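For reference, the structure discussed in these notes is given below.
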Amino acid sequence: MARKLQVSHLGKTFGELRALQDINLAVERGEFIALVGPSGCGKTTFLRIVAGLEPASSGEVTLDGRAVRSPGADRGFVFQSDNLLPWRTVFANAIIGREVAGHVGPAERQRTMELLKLVGLEGFEHYHPRQLSGGMRQRVNLARALAIDPQILLMDEPFSSLDAQTREIMQTELMRIWETGRKTVLFVTHQIDEAVFLADRVFVFARRPGRLRENVAIELPRPRALAIKRTAEFVRYVDHIWRLIEDDVRASVIEEKV
Amino acid sequence: MSQLSDGQAEVVQGGVQSRPASGMRLPRLYLAGVVSVLGGLLLWEVVSRFLVANALFLAAPSQIFSAILALAKSGELWRHMSISAIEFALGYAIASVLGVMIGFAMAESATMKRALQPWVSGLYATPTIALAPLFILWLGIGIWSKVLVVIFLVLFPVTINTEAGLRTTSERLIEMLRSFGASPRQIFFKVSLPSAVPFILAGLKLGIGRGLIGVVVAELFGSRAGLGRLIAQSADAFNMPELFAGVIVLAVAGIMLTAGFGWLENRLVPWTKD
Ligand SMILES: Nc1ncnc2c1ncn2[C@@H]1O[C@H](COP(=O)(O)OP(=O)(O)OP(=O)(O)O)[C@@H](O)[C@H]1O
Ligand SMILES: [Mg+2]
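In the order they appear, the protein sequences are chains W and A. Each residue of the first sequence is one higher than the one before, counting from 1 in my numbering. Each residue of the second sequence is one higher than the one before, counting from 1001 in my numbering.
Here it is, written out as structure tokens:
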């Protein structure tokens, strides 16, 4: 396996605030990485830096050995809010990354159609976002990121606005889609069970300053069925990660109340 | 430019899917309006025939209606209407194009915005219609003085709305496009412009009423023909039915233009109607 993403001594400050400090990590090609941590520990900021949407204050991020400075077609971002263009159809939304890259030929259209089918939206290509449910909109969001055939998928709490049932379905769907392409994935979530269920490794972040606390390898067999969430091994992983961030989460909740 | 027309084609396409529910409710929606208008006309008729009963002060709807017919038959109505229509159309078209262009310029450049903002806000708030006599002095009593008044009244709401629409484009949508490596130009055509269209249309809609008022009032100040002229000369001759005929024709024109615009909005920007 080749090293896909390398982060060394990454730091980010917003004025006085140290959002990220001395992050060091490496991700192999095809790995599924989940990022968890208390609110405000810099998960979104980290993802945005990897995406090239935000400059780092110090340190370096390299993708396939090249330093990241700006957004590019090798990374697909799946946003927390779906950010669909309301005047575009599902299909036109999904293909927009290709449009930006400047080539929309029959091959790209074909591939976008296949992706919409893959995410379960066959037959909805001509619908507009306002005609879709939240789950369907997130599927478009995912298809849009996949349509540029990125090397790495960056997902920022993509299922957080969904109800519990839809969320579990989307988790298994995401696993199924991931198994077909085995892309490298960075997946931010607040749900620890979601992180354990999906990931090969879970990066646990701590706050004030935001930093990488621990890197937990999840050695559960794949493919994983939802039933795995009830096994003792699964629960042990969840407990372990929860204990790592518990104090931090308490602190952040108290702070947000004040 | 091809991207611009692409964007528009896409917008029009979006309008093809209308919600069936609204079609069902239309007759009931109209019912209350029709009853209210007919009732009002009836009341008017009764009041002017039996209470005021003086043709110098108020004309009954039936008298107005026959005045309109007579004016139409003699060709007078058509002469006045076409002049006013030309003045309105010219002023409105010029103001729309200019307004959108100035709005773009203000949204694109902060310096431009700082330089133009005081003029736009000031002239929008000023009743520039009061300058009509001055324009007539400059340009004569022909159509161009009226066209200028219309431009002054329509330009600023269009400019203000265009600028606001471009400026308030959702940051999240811009970020989404930026994540794909989009250039500023692509962001403009694919996100900012389409999301400004509803605002631009709202500004244009606002301009209809202002423009019609502009035409008529400017014609009142001095003109050879036009609905304002018709109203002024009827007033001089104490011909109330003809005066009201002019007003009614104007009202109908305003209502039809606004309704047509609403229909256009439903087709062009259906996503704003939820
Ligand atoms: N553009 C910005 N300007 C100033 N401060 C910012 C900016 N973006 C983020 N921050 C700050 O950086 C810190 C980390 O924010 P970030 O959004 O990355 O946290 P997060 O881990 O994603 O939180 P959550 O779990 O609530 O989404 C926060 O304290 C936030 O207020
Ligand atoms: Mg976040």
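Just so you know, even glycine gets a beta-carbon here, dropped at the ideal spot from N, CA and C. Note that this is a predicted model, so its numbers are computed, not measured.
- In the three-state scheme derived from DSSP, where H, G and I count as helix and E and B as strand, S1084 of chain A is classed as helix.
- If you check the CB distance, P129 of chain W and R139 of chain W do not come in under 8 Å.
- By alpha-carbon distance to R222 of chain W, the top candidate from W:V253, W:T180, W:T62 is W:T180.
- Within 8 Å of the CB of P1194 of chain A, the CB atoms of chain W belong to L85, W87, in sequence order along the chain.
- If you draw a 10 Å sphere on the C-beta of K1146 of chain A, you find 16 or more other C-beta atoms in it, and that means buried.
- If you look at A217 of chain W, you'll find it in the beta strand (DSSP E) that goes 211-217.
- Taking 8 Å as the CB threshold, F187 of chain W stays off the interface with chain A.
- Using a CB distance cut-off of 8 Å, P71 of chain W counts as an interface residue toward chain A.
- Between L116 of chain W and F91 of chain W, the C-beta gap is smaller than 8 Å, which places the two residues in contact.
- Residues of chain A with a Cβ closer than 9 Å to the Cβ of F77 of chain W are, in chain order, E1175, M1176, S1179, F1180.
- A direct Cα-Cα distance of roughly 19 Å separates A19 of chain W from Q6 of chain W.
- If you check the CB distance, A1237 of chain A and L1071 of chain A do not come in under 8 Å.
- Annotation: V1150 of chain A to E54 of chain W spans about 47 Å, alpha carbon to alpha carbon.
- Residues of the same chain with a CB within less than 6 Å of the CB of E108 of chain W, apart from the 5 flanking positions on each side, are R98 in chain order.
- For the 8 Å CB-CB criterion, L1212 of chain A and L1166 of chain A do not form a contact.
- Annotation for L1123 of chain A: F1156 place their beta carbon closer than 6 Å to its own, counting only its chain and skipping 5 residues before and after.
- Secondary structure at L1042 of chain A: helix, using DSSP grouped into helix, strand and coil.
- When only Cα atoms are considered, F1261 of chain A and G134 of chain W end up about 32 Å apart.
- Less than 8 Å divides the Cβ of A67 of chain W from the Cβ of E60 of chain W.
- At a C-beta separation below 7 Å, I148 of chain W has these neighbours in chain A: F1180.
- By the 16-neighbour rule on beta-carbons within 10 angstroms, H103 of chain W is exposed.
- Within chain W, the residues whose beta carbon sits less than 9 Å from that of V1191 of chain A are L85, listed in sequence order.
- Remark: C-beta atoms of N1161 of chain A and F1199 of chain A approach each other more closely than 8 Å.
- Leaving aside the five residues that flank A143 of chain W on each side, the residues in its chain whose CB is nearer than 6 Å to its CB run, in chain order, A94, L115, L116, V119.
- For A51 of chain W, the nearest CB of chain A lies under 8 Å from its own CB, placing it at the interface with that chain.
- Residue pairing by DSSP places R18 of chain W opposite W:T13 in a beta bridge.
- By the rule that beta-carbons nearer than 8 Å mark a contact, R1210 of chain A does not touch chain W.
- Residue contact check for R1172 of chain A against chain W: a CB pair falls below 8 Å.
- A residue is called buried when at least 16 other Cβ atoms come within 10 angstroms of its Cβ; F14 of chain W does not meet this threshold and is exposed.
- I1255 of chain A is classed as exposed because its beta carbon has fewer than 16 other beta carbons within 10 Å across all chains shown.
- For the stretch 1257-1271 of chain A, residues whose beta-carbon sits nearer than 7 Å to a beta-carbon of chain W comprise W1271.
- DSSP places A1089 of chain A in the helix class (H, G or I) of the three-state scheme.
- Contact residues of ligand 1 (beta-carbon closer than 5 Å to any heavy atom; chain order) are W:F14, W:A19, W:S39, W:G40, W:C41, W:G42, W:K43, W:T44, W:T45.
- Note that the C-beta distance between L17 of chain W and L154 of chain W is not below 8 Å.
- Listed in chain order, the positions of the stretch 126-147 of chain W with a beta carbon within less than 7 Å of a beta carbon of chain A are H128, R130.
- Annotation note: the stretch 1154-1195 of chain A contains the following uninterrupted alpha helix (DSSP H) runs of length 4 or greater, listed N- to C-terminal: 1171-1179, 1184-1187.
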